[in-house]
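Residue numbering for the sequence shown follows UniProt numbering, starting at 1 and increasing by one per position.
Even for Gly, the Cβ is constructed at its ideal location relative to N, Cα and C.
The structure presented is a predicted model; accordingly, all values stated were derived computationally and were not measured.
Following: one structure in structure tokens, then a few remarks.
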Amino acid sequence: MRKKGLLLCTMSGVLFYSYYNISYAHSDTRGRISVNANRQPIVLNNVNIYDKEIAIDADRYPLTITMRGGSVSGFYALSATNGGSISATNIHAKAGHVGLLASDGRISLKDSFVTIKRGFGIAFQPQTIPHGGYNTNVVTFLNTKLFVESGIGILGPFADSAVILQNSKIRADVLVKNKAHPGNNNATLILNANHSTLEGGTRFLQEEAASQQETANVIQYRNNQSSIPLTIPQRKIIFNLNQGSKWILRASKTETDKRDHMLGPLRTNLILDIAQRSHSDISVLNINNSSIIFESPTEGHYQTLYVGAGTDGREAVYNAKGHVNLYLNAQWSDDKRADQQKIDRLLIFGHVTGSTTVHTNVYGDSTDVAAFRSWNERGISLIQVSGNAKENSFELANGYTTIHDLPYKYVLNAYGPTSRNGLANINQRLSGVNPYNNAFWDFRLQNQYLDSSAKIRALVPQMANYLVMPSALFVAGFTDIENQNALLTNIRPMPWEMKNNKKLFFFISSYGNKVTLSSNRTALEYGYGADIGYAALQTGVALAALEGQNISSYFGLLGTYGKLSFTPKNMADVKKTTFDKWLFTAYSSIQHDGGVYVNIFLSYGFFRGNISNAIIGQTARVDDAKTWSASATLGKQFVTSFEGLVFEPQTQIAYQQLIFRTIQDADKFKVDIGSPYQWSARMGGRVVKNVNQFEDGRTLSFYGKLNLISVFGDGGTVQVGKNSFYFDSIGSAIEGGIGFNAHFVQNITFHGDISYQQKLQKSGLSGAIFSGTLR
1 MRKKGLLLCT MSGVLFYSYY NISYAHSDTR GRISVNANRQ PIVLNNVNIY DKEIAIDADR
61 YPLTITMRGG SVSGFYALSA TNGGSISATN IHAKAGHVGL LASDGRISLK DSFVTIKRGF
121 GIAFQPQTIP HGGYNTNVVT FLNTKLFVES GIGILGPFAD SAVILQNSKI RADVLVKNKA
181 HPGNNNATLI LNANHSTLEG GTRFLQEEAA SQQETANVIQ YRNNQSSIPL TIPQRKIIFN
241 LNQGSKWILR ASKTETDKRD HMLGPLRTNL ILDIAQRSHS DISVLNINNS SIIFESPTEG
301 HYQTLYVGAG TDGREAVYNA KGHVNLYLNA QWSDDKRADQ QKIDRLLIFG HVTGSTTVHT
361 NVYGDSTDVA AFRSWNERGI SLIQVSGNAK ENSFELANGY TTIHDLPYKY VLNAYGPTSR
421 NGLANINQRL SGVNPYNNAF WDFRLQNQYL DSSAKIRALV PQMANYLVMP SALFVAGFTD
481 IENQNALLTN IRPMPWEMKN NKKLFFFISS YGNKVTLSSN RTALEYGYGA DIGYAALQTG
541 VALAALEGQN ISSYFGLLGT YGKLSFTPKN MADVKKTTFD KWLFTAYSSI QHDGGVYVNI
601 FLSYGFFRGN ISNAIIGQTA RVDDAKTWSA SATLGKQFVT SFEGLVFEPQ TQIAYQQLIF
661 RTIQDADKFK VDIGSPYQWS ARMGGRVVKN VNQFEDGRTL SFYGKLNLIS VFGDGGTVQV
721 GKNSFYFDSI GSAIEGGIGF NAHFVQNITF HGDISYQQKL QKSGLSGAIF SGTLR
């Protein structure tokens, strides 16, 4: 039989059966299923089939074999030839050499599983089609898996053939090998995958004479001698990936040269070198809402996918429709020629239609290339096209990417005949792409720069959020401290009231700010201002009051919930960041009859929030970040000669510290802010005007205040990879404001305050602060 002569290359291959150990015969096992006398359909239900050669053999039209349930085991598991067909559901097939063999036949599997340890998953044989023949070489999978541990998933086509997958998977050391057959180099293999997964590389092989003819004809065409008829053999592999299918390219581990007929144990001395095992060829690739994924490098070697094999370069060979994704790996090497760079590549010999989203996983040191190199030589070349393409034929996911552990922005720039970036550089041309001029497309991953001289590299958008975040959190912290001090200053009569009324005092307040943070550095120096908003709700209780000779004191607890938001400035594609803050404070106030008082606070809290940018949304989650602070305020009341007018100078010193864990960003870098701290000194005072007490005991007072504020810190940095970035201190400012205290209802006191803060230098804080308290 032809199948034996072609695939075994021995008399029958009997000597190899013991190696494959495919027999798992049971008492209910049947032998070979094949043609019966009258060629009537055969139906098998829940049986086990075993034969040391061909387990199920549907030979000659109109024989149809249907199997439901059970298992199949043989050197060949399933064979359909000369118009025969096999339809099986819910079976487990195990083959010693060939899982499915089709020669002018059809095989359909549903809910099944096929395994081959070493050999071929699907093999298409040359067919001899008589006049009025069947011309069918079709294998169909529905919810079926085919695994080839060491060997080839699909061998062919020795004749036109098709593999149709629906919700199925084929995994093999080599996915497809298009093997040359003497005298027949015009066959086409079409693989239609719908919501299915393919794993492994592809090999396009042809006879040496055909290969030489193809090369000569391509040279004629590229020398503009297209009037000469082309006689390129039409042997093709065509992939149609649809409905979320995935093709995972993986370098072969055990691929051998043509001397190996896949019979017997693996001969390691015949294994090809890694460069050959990492190169895939295909004729036409049609992709619809599907993905091509290059697996991580094998033995440090990256892969190449060549599209357009077996074509003349004048047709559309790469066609993308819908949402198409391409995943590549690379090692950054800006100082090397394209052919010396270690990267996964897509090379296309022919035209490109549609648009593909490119995802990259790039490692290495991001060193800058020498400035004298032209733009079309910089970066790394990921994709080259010898035919028609557009600038948007390949675009980075989200419009940018990063190199591992670094926050710098990299973009995919297209160079080609109609590109705004100019022509591709012929010195960067790779083998298989237009060899005679630079009329080709080169899609290169390159640094994005902020300046025309290409010295300042652009950061990803969310880096502005990281650099502003410590200052924004310090602003919220100092706002908490200022409000706490104002609260105690305005409830100083409380010790006497607590003593007289013999009860606890509760109070609630709300406060916040709307300010602008300015940096003393420009965006070229990675300095970013921000619009900051903070709103908080605070509740508290005075627990006890003590009174001695000329001195009284009280202490209590405060609980605060705040909402912080900030939006960096001078950075494109930034997005507002929000944080939730929880703060717990213990306080004490000591007063002397002479008007001197001291307010002391100790706070501990934590905050949580998301870091985002406008392109991809959330890029990091900040959890379990902590803060603590301490402050002390010294003040004294001076009664003036003007009725009801009191002058009250104050001096305050405050300290706060932030404690961060390392933050993992979605753009593949880690952010270490550490534990920055800042000090604040506030000097100034207020003038209080007490309105005459009303007859029913109600009181009302107004005040105006003026303070000089200075904030200084440790010159904090944000560490990303090996690089350090500085963030700004809040700086110095002057603050002025007004407020009131009112006691109109028994046992209830109202307080309100509004102030404005103006920075005194280029960097700093300007904006309004407001608060209100009910006691």
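Item to complete: Ignore the nearest five residues each way along the sequence and tell me which others in T311's own chain have a CB closer than 8 Å to its CB.
Response: Position 311 of the sequence shown holds residue 311. Closer than 8 Å at Cβ, skipping near neighbours: I232, K236, S283, V284, V317, F349 and G350.
Item to complete: State the start and end residues of the unbroken alpha helix (DSSP H) segment that holds E149.
Response: Here residue 149 corresponds to residue number 149 of the sequence shown, with the count starting at 1. Taken as a continuous stretch (DSSP letters only), E149 belongs to no alpha helix (DSSP H), being part of the beta strand (DSSP E) at K145 to L155.
Worksheet entry | Beta-carbon proximity of S168 to N143, cut-off 8 Å | Here the question's residue 168 lines up with position 168 in the sequence shown. Here the question's residue 143 lines up with position 143 in the sequence shown. Yes, they are a contact pair.
Worksheet item: On the premise that S161 lies in contact with H195, defined as a C-beta separation below 8 Å, what is that separation, rounded to the nearest angstrom?
Response: Along the sequence shown, read from residue 1 onward, the residue named residue 195 stands at position 195. Along the sequence shown, read from residue 1 onward, the residue named residue 161 stands at position 161. H195 to S161, Cβ: 22 Å. No contact.
Discussion item. Is it buried or exposed, T773, if we count other Cβ atoms within 10 angstroms and call 16 or more buried?
Written reply: Mapped onto the sequence shown, residue 773 falls at position 773. Flag for T773 reads buried.
Practice prompt. May I ask you to report which of helix, strand or coil DSSP gives A309?
Written response: By 1-based counting over the sequence shown, the position of residue 309 is 309. DSSP places A309 in coil when its eight states are reduced to three.
Worksheet item: Buried or exposed: where does F584 fall if 16 or more other Cβ atoms within 10 Å of its Cβ makes it buried?
Response: Translated into the one-based positions of the sequence shown, residue 584 becomes position 584. An exposed status is given to F584, since fewer than 16 other beta-carbon atoms sit within 10 Å of its beta-carbon.
Practice prompt. Look at the alpha carbon of F440 and the alpha carbon of A454, and state the distance between them as a whole number of angstroms.
Written response: By one-based count along the sequence shown, residue 440 stands at place 440. By one-based count along the sequence shown, residue 454 stands at place 454. One C-alpha to the other measures close to 26 Å.
Item to complete: Classify Q758 as helix, strand or coil using the three-state DSSP reduction.
Response: Position 758 of the sequence shown, counting from 1, holds the residue named residue 758. Strand, per DSSP.
Item to complete: With V687 as the anchor, note down where its beta strand (DSSP E) starts and where it stops.
Response: Start at 1 with the first residue of the sequence shown, and residue 687 comes out as number 687. That run of the beta strand (DSSP E) goes Y677 to V691.
Worksheet item: Touch check for the segment 547–567 and the segment 586–595: three-plus C-beta pairs under 8 Å?
Response: yes
Worksheet item: Over what stretch of residues does the alpha helix (DSSP H) that includes L467 continue unbroken?
Response: Locating residue 467 in the sequence shown gives position 467, where the first residue counts as 1. L467 -> alpha helix (DSSP H) spans Q462 to N490.
Worksheet item: Going by Cα to Cα distance, which pick from Q166, I116, T140 and F725 is closest to P470?
Response: For the purposes of this step, residue 470 is taken as residue 470 along the sequence shown, with counting starting at 1. P470 has its Cα closest to that of F725, out of Q166, I116, T140 and F725.
Worksheet item: For I64, which residues of its own chain have a beta-carbon under 8 Å away from its beta-carbon, when the five flanking residues on both sides are left out?
Response: Sequence index remark: in the sequence shown, residue 64 carries index 64 (1-based). In the sequence under discussion, the amino acid at residue 64 is Thr, which differs from the Ile named in the question. Only P41, I42, A58, G84, S85, I86 and S87 meet the Cβ criterion.
Worksheet item: Per DSSP, F744 is paired with what?
Response: As a first step, residue 744 must be located in the sequence shown, where it is residue number 744. Paired residue(s): none; F744 is not in a bridge.
Worksheet item: In terms of residues, what are the limits of the beta strand (DSSP E) holding R277?
Response: Counting from one through the sequence shown, the residue named residue 277 turns up at place 277. Careful: R277 lies outside any beta strand (DSSP E), inside the alpha helix (DSSP H) at I274 to R277.
Discussion item. I'd like to check one pair, T360 with L328: are the Cβ atoms closer than 8 Å?
Written reply: As a position in the sequence shown, residue 328 is number 328, starting the count at 1. As a position in the sequence shown, residue 360 is number 360, starting the count at 1. It is a contact, given that the beta carbons lie within the stated cut-off.
Practice prompt. Could you pull the start and end residues of the beta strand (DSSP E) that F139 belongs to?
Written response: Residue numbering aside, residue 139 sits at position 139 when the sequence shown is read from its first letter. Before going further, note that residue 139 is Val rather than Phe in the sequence given. Here the beta strand (DSSP E) through V139 covers V138 to L142.
Discussion item. Let me confirm a value: R345 is counted as buried when at least 16 other C-beta atoms fall within 10 Å, else exposed. Which label applies?
Written reply: Within the sequence shown, residue 345 is the residue found at index 345, counting from 1. It is buried - the Cβ of R345 has at least 16 other Cβ atoms within 10 Å.
Discussion item. Quick check on DSSP: helix, strand or coil for Q303?
Written reply: Residue numbering aside, residue 303 sits at position 303 when the sequence shown is read from its first letter. If DSSP states are grouped into helix, strand and coil, Q303 belongs with coil.
Item to complete: Compare the C-beta of G559 against all C-beta atoms of chain C and say whether one is closer than 8 Å.
Response: Among the protein chains of the structure shown there is no chain C, as only one such chain exists.
Worksheet item: With burial defined as no fewer than 16 other Cβ atoms inside 10 Å of the residue's Cβ, what is the status of R698: buried or exposed?
Response: Position 698 of the sequence shown holds residue 698. Looking at its Cβ environment, which holds fewer than 16 other Cβ atoms inside 10 Å, R698 is exposed.
Fill in: Uninterrupted beta strand (DSSP E) stretches inside the segment 615–653 (no shorter than 3 residues)
For the segment 615–653, whole beta strand (DSSP E) runs of length 3 or above, ordered along the chain, are 617–636.
Item to complete: Going by CA-CA distance only, name the one from E391, T357 and R203 that's closest to V174.
Response: Working through the sequence shown from its first residue, we reach residue 174 at position 174. Considering only alpha carbons, the answer is R203.
Discussion item. Starting from residue 846, trace the beta strand (DSSP E) in both directions and tell me its first and last residue.
Written reply: Residue 846 lies beyond the residue range present for the chain, which begins at 1 and ends at 775; the question has no answer from this structure.
Discussion item. Between which two residues does the beta strand (DSSP E) holding M67 run?
Written reply: As a position in the sequence shown, residue 67 is number 67, starting the count at 1. It spans T64 to T81 - the beta strand (DSSP E) in which M67 sits, taken as one unbroken run.
Worksheet item: Looking only at DSSP bridge pairs, what is F120 linked to?
Response: Indexing the sequence shown from 1 puts residue 120 at position 120. Partner(s): V98 and I152.
Discussion item. Strictly by DSSP, which residues pair up with I292?
Written reply: Sequence index remark: in the sequence shown, residue 292 carries index 292 (1-based). W247 and L326.
Worksheet item: Would you report the Cα separation of K253 and A80, rounded to the nearest angstrom?
Response: Walking along the sequence shown from the start, residue 253 turns up at place 253. Walking along the sequence shown from the start, residue 80 turns up at place 80. Computed Cα separation, rounded: 30 Å.
Worksheet item: So, is L326 buried or exposed, given that buried needs 16 or more other C-beta atoms within 10 angstroms?
Response: One-based indexing of the sequence shown puts residue 326 at position 326. It is buried - the Cβ of L326 has at least 16 other Cβ atoms within 10 Å.
Worksheet item: Shortest alpha-carbon distance to S732 belongs to which of S763, N48 and R621?
Response: In the sequence shown, counting from the first residue as 1, residue 732 sits at position 732. When each option's Cα is compared against that of S732, the closest is S763.
Worksheet item: Should the segment 631–650 be called in touch with the segment 660–676, which here means at least 3 C-beta pairs below 8 Å?
Response: no
Discussion item. Whole angstroms are fine: how far does the CA of G736 sit from the CA of Q758?
Written reply: By 1-based counting over the sequence shown, the position of residue 758 is 758. By 1-based counting over the sequence shown, the position of residue 736 is 736. Their Cα atoms are separated by approximately 9 Å.
Item to complete: Closer than 6 Å by C-beta to S755: which residues in its own chain qualify, once you throw out the five before and the five after it? Chain order, please.
Response: Start at 1 with the first residue of the sequence shown, and residue 755 comes out as number 755. Excluding sequence neighbours, S755 sits near E735, G737 and I769.
Fill in: Buried versus exposed, by CB contacts within 10 Å (16 or more), D753
Your numbering for residue 753 matches position 753 in the sequence shown. Label assigned to D753: buried.
Discussion item. Quick check: what's the CA-CA separation for K94 versus I107?
Written reply: Counting from 1 along the sequence shown, the entry for residue 94 is found at position 94. Counting from 1 along the sequence shown, the entry for residue 107 is found at position 107. Cα to Cα, the separation comes out at about 15 Å.
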